[in-house]
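>
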Amino acid sequence: MSVTGQQIVRSRTCGLKDFYVALVTQNTATAYAAGTPMKLARAIKAKVDEKWTSEKIYSDDGTEEVINSYEGTDVELEINALAPQDRAVLFDQLYENGFLVKTSDDKAPEVAVGWRERKLNGKYEFRWLYAGKFAEGISEEANTKEGKLSPTTKSVKGSFYERSLDNRYEISVDESNLLEEHTTAKAAIEDWFAKVQEKDEATA
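The sequence shown begins at -12 in our numbering and counts up by one.
1) Identify, in the order they occur along the chain, each residue of the same chain with its Cβ nearer than 7 Å to the Cβ of T268, setting aside the five sequence neighbours on each side.
2) Residues in its own chain within less than 6 Å of P71 by CB, not counting five upstream and five downstream?
3) Which residues share a DSSP beta bridge with G49?
4) Run the CB neighbour count on L166, radius 10 Å, all protein chains shown included, and call it buried at 16 or more, exposed below.
5) Cutting at 6 Å between CB atoms, please list the residues of its own chain near S56, excluding the five before and the five after it.
6) What's the gap between the Cα of S(-2) and the Cα of E162?
7) Entirely within the segment 99 to 148 and at least 4 residues each: give me those alpha helix (DSSP H) ranges in chain order.
8) Compute the Euclidean distance between the alpha carbons of H169 and R155, then round it to the nearest angstrom.
9) For K34, name the three-state secondary structure that DSSP assigns.
10) Find out if the Cβ-Cβ distance for the pair V8, G124 is shorter than 9 Å.
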């Protein structure tokens, strides 16, 4: 799609809110589906590291082509707190009759994760990562009270990857750059966290 003549808005990120997760119920070569998103916790920080590798192919004493390969996305979410219900969703730990039980057999389920980032111009960028697992667990600490309260935070780490259906791994909408004709994207951000968003579904 050509952007010639379009005024492009580039505004720095200055805020973060609304972490949501949705259990992926189907991720095959023929179908992708996710459940209803659930609000995770109050957002503090999101660290997202997309990993790509490149390989050069040589011929005639020079570079013929460069092949780029997507290796995955490392995600670390810093949040204010985790309830036992959150741990049951993220790590498939047993929460029953008020007890949270962890075992070495717990396996983090496949989830989608979404959030929005505030820009300096007051607009937001909305994001969903389609598939991944918070299998790297949680980082947490607790400190003794030293004269005043010292609240701590939690961090969950995961690895995300492309879905099997079409190799898509992320969808996003930058509100700052929406044009008048971008009606489906505008409609999507009105209720971004009601479901894991699909571009093709919106334009069908």
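Each residue gets a CB set at the ideal place from its N, CA and C atoms; glycine is no exception. These figures come from a predicted structure and were not determined experimentally.
The short version:
1) Since the displayed the chain opens at -12 and closes at 191, residue 268 lies outside it and no answer follows.
2) Residue numbering aside, residue 71 sits at position 84 when the sequence shown is read from its first letter. Excluding positions up to five away in sequence, the list reads Y82 and L87.
3) Counting from 1 along the sequence shown, the entry for residue 49 is found at position 62. For G49, which the question treats as bridged, DSSP gives the partners S46.
4) Taking the first residue of the sequence shown as 1, we reach residue 166 at position 179. L166 is exposed by the Cβ-count criterion.
5) By one-based count along the sequence shown, residue 56 stands at place 69. Cβ within range, chain order: T40.
6) Taking the first residue of the sequence shown as 1, we reach residue -2 at position 11. Taking the first residue of the sequence shown as 1, we reach residue 162 at position 175. Cα to Cα, S(-2) sits roughly 11 Å from E162.
7) none
8) Here the question's residue 169 lines up with position 182 in the sequence shown. Here the question's residue 155 lines up with position 168 in the sequence shown. Roughly 21 Å separates the two Cα atoms.
9) Mapped onto the sequence shown, residue 34 falls at position 47. K34 falls in the strand class under three-state DSSP.
10) To locate residue 8, count along the sequence shown from 1; it is residue 21. To locate residue 124, count along the sequence shown from 1; it is residue 137. No, the Cβ-Cβ distance between V8 and G124 is not below 9 Å.
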